[in-house]
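The block underneath contains the structure these notes are about, expressed in structure tokens.
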Amino acid sequence: MLAVARVWAGPTGRAAILMLAGLVLAGCGINQIPTLDEQAKAAWSEVLNQYQRRADLIPNLVETVKAFAEQESKVLTEVVEARAKATQVQIPPDILTNKAAFDKFQEAQNNLSGALGRLLVVVERYPDLKSNQNFLALQSQLEGTENRIAISRRDYIVAVKDYNTELRTIPGRWWRALLYPDSEPMQNFSVAEETTQVPKVEF
13 MLAVARVWAG PTGRAAILML AGLVLAGCGI NQIPTLDEQA KAAWSEVLNQ YQRRADLIPN
73 LVETVKAFAE QESKVLTEVV EARAKATQVQ IPPDILTNKA AFDKFQEAQN NLSGALGRLL
133 VVVERYPDLK SNQNFLALQS QLEGTENRIA ISRRDYIVAV KDYNTELRTI PGRWWRALLY
193 PDSEPMQNFS VAEETTQVPK VEF
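Residue numbers (the working numbering): 13 to 215.
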């Protein structure tokens, strides 16, 4: 019995105790907050990637529409200006916990979605444009991008919900107080935004 006690008291025993404690803590969710934090940030990066992909498609889309419907200058200008504002919005490092910055970014993206939606309505008046091969290719790419935007936003909503719930519930609340005091709830998209923000690409 004494020999066993000496083993546990020695370096090997202390290492074993520390390893056991680490396993117990891991089982209690000590790493859950940083894990969920990384998942939410990765989901946000995908949202940004898809919005950028949409922005990259718009110049060619506008030029193609202009070739067939130059008289629709008002709606074309709205799209160009909305794209400019959406791509010029500053994205600070703390945007996910900064409500003002998050809302400003999302407002710009919603405005662009609205302008795109109005442009797509205008396209209905021009059969020649709707049958143009270049336009059809852009239409297909835009439709795919809008679908990916919707999916990436939903993934982000789920990731942030999981993260914020972890911060508010036990044992996550305890780990936050002890080890992650700088962790803050993240901003999320509203249900209303999810039902209104995506322009329907359908001809």
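Heads up, the beta-carbon is just placed ideally off N, CA and C, and yes, glycines get one too.
Hey, out of R130, R166 and E158, whose CA is closest to K86's CA? Considering only R130, R166 and E158, the residue with the shortest C-alpha distance to K86 is R130.
If the criterion is Cβ atoms closer than 7 Å, does the pair V91 and A127 meet it? yes
Rounded to a whole number of angstroms, what is the C-alpha to C-alpha distance between L150 and P193? Cα-Cα distance, rounded: 47 Å.
Tell me which same chain residues have a C-beta within less than 8 Å of the C-beta of K53, skipping the five on either side of it? L108
Are G41 and P183 closer than 7 Å when you measure CB to CB? yes
Using CA coordinates, which residue listed in K97, T157 and N200 is at the minimum distance from Y8? A query on residue 8 cannot be resolved here, the shown segment of the chain reaching from 13 to 215 and no further.
Contact between the region 66 to 79 and the region 140 to 160: three or more CB pairs below 8 Å? Short answer: they touch.
Quick one, which of R166, T89, N61 and A55 has its alpha-carbon nearest T157's? N61
Determine the burial state of S57: buried for a count of at least 16 other Cβ atoms within 10 Å of its Cβ, exposed for fewer. S57 comes out exposed.
Could you name the residues of the same chain whose beta carbon sits closer than 8 Å to that of T76, not counting the 5 residues immediately before and after it, in chain order? A distance below 8 Å between beta-carbons, with the five flanking residues on each side excluded, links T76 to the following residues of its chain, in chain order: L141, N144, N146, F147 and L150.
If you follow the alpha helix (DSSP H) that P193 is part of, which residue opens it and which one closes it? Segment: none, P193 is in no alpha helix (DSSP H) and carries neither H nor E.
Residues near L124 in its chain [Cβ-Cβ closer than 7 Å; skip 5 each side]: A94, R95 and A98
Tell me the DSSP secondary structure of A38 in three-state form. Residue placement at A38 is flagged as unreliable, the pLDDT there being 49, under the threshold of 50; the coordinate-derived value follows with that caveat. It is helical.
Going by CA-CA distance only, name the one from S195, R160, E178 and A171 that's closest to Y63. R160
Top-ranked residue by Cα proximity to F80, from P46, N110, E136 and Q51: Out of P46, N110, E136 and Q51, E136 has the C-alpha closest to the C-alpha of F80.
Residues in the same chain with beta-carbon distance under 7 Å from I103, minus the five sequence neighbours each way, listed in chain order, please. F117
On the criterion of 16 or more Cβ atoms from any shown chain inside 10 Å, does V133 qualify as buried, or is it exposed? With fewer than 16 other Cβ atoms inside 10 Å of its own Cβ, V133 counts as exposed.
Let me confirm a value: I163 is counted as buried when at least 16 other C-beta atoms fall within 10 Å, else exposed. Which label applies? exposed
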